[in-house]
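Position 26, counted from 1, in the sequence shown is what the working numbering calls 26; the numbers after and before it change by one each time, with no gaps.
Idealized CB from N, CA, C, for every residue including glycine.
Because the structure is a prediction, the values reported are computed rather than measured.
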Amino acid sequence: MLTDAIEFSCPWCGEPNDVECEPGDAGQWVIQDCIVCCSPIELRLPLVADDMLIVQREGE
Ligand SMILES: [Zn+2]
């Protein structure tokens, strides 16, 4: 598989989650629901391997 899972903490409840980063999604904003509290999380996937994953609450 070419996909990489990136770990992050939910900005709503702080619980660990992960997101699959496919090569075609690099640099894109995606919305994923937290696996624990089901709140929508906005994520900007890193463009390069050492780029930061940006995590924020959707709708703010
Ligand atoms: Zn959560």
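Beta-carbon proximity of residue i to residue j, cut-off 8 Å
| i | j | result |
| --- | --- | --- |
| F8 | V55 | yes |
Nonlocal neighbours in the same chain, by C-beta distance under 6 Å from residue i, ignoring five residues either side
| i | result |
| --- | --- |
| V30 | L43 |
| C66 | It is not possible to answer for residue 66, since the shown part of the chain is limited to 1 through 60. |
Residue i: CB within 7 Å of a non-hydrogen atom of ligand 1
| i | result |
| --- | --- |
| C21 | no |
Residue i, buried or exposed, once every other Cβ within 10 Å from all chains shown has been counted against 16
| i | result |
| --- | --- |
| L45 | buried |
| C10 | buried |
| I41 | buried |
Residue i beta carbon near ligand 3 (any heavy atom closer than 7 Å)
| i | result |
| --- | --- |
| V55 | Of the ligands one can find in the structure shown, namely ligand 1, none is ligand 3. |
Sequence-distant residues of the same chain with beta carbon closer than 8 Å to residue i, five excluded per side
| i | result |
| --- | --- |
| P16 | E7, F8, S9 and C10 |
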